[in-house]
Amino acid sequence: MTSYLPAGWTIEQIRTLSQDRSATPLSLDRLVVVEQPGQNEYMTLRPEAVLGFHDLCLVLDDGEWYMGQLGTDGSVVCWASYGPDLAEAIRNL
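In this text, residue positions in the sequence shown follow our numbering: the first is 10, and each later residue adds one.
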């Protein structure tokens, strides 16, 4: 199982900014999808990083951070892009 932190970030920086001492990088070996407004289909993401914050996740795909929910099976369903700035995405947790 491979997990990655985004370039230039440490887990301590992420935990401090999020105020979540349990924040952790998660394995990339999982299904990650994003809801498509007005469509019944999900778009599959190919995560470069997945950060877990209790049952919420931030997923990096193609330079964009997506917010999502961690499922009991380990999959992630995202509902919105929070843009390219990880610090801003963390502030919106």
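We put the CB at the ideal spot given by N, CA and C, even for glycine.
Apply the 10 Å Cβ neighbour rule to residue i and answer buried if 16 or more other Cβ atoms are within range, or exposed otherwise.
i, result
"Met52", "exposed"
"Gly17", "exposed"
"Ile20", "exposed"
"Gly77", "buried"
"Asp64", "exposed"
"Asp70", "buried"
Should residue i and residue j be called a contact, given that it needs their Cβ atoms to be closer than 7 Å?
i, j, result
"Leu35", "Gly61", "yes"
"Gly72", "Pro93", "yes"
"Trp74", "Ala98", "yes"
"Tyr91", "Ala58", "no"
"Leu79", "Cys66", "yes"
With a floor of 3 residues, list each beta strand (DSSP E) that falls wholly inside the stretch 27-57, ordered by position along the chain. 41-44, 51-53
With three or more beta-carbon pairs closer than 8 Å as the criterion, would you say the stretch 41-55 touches the stretch 76-88? yes
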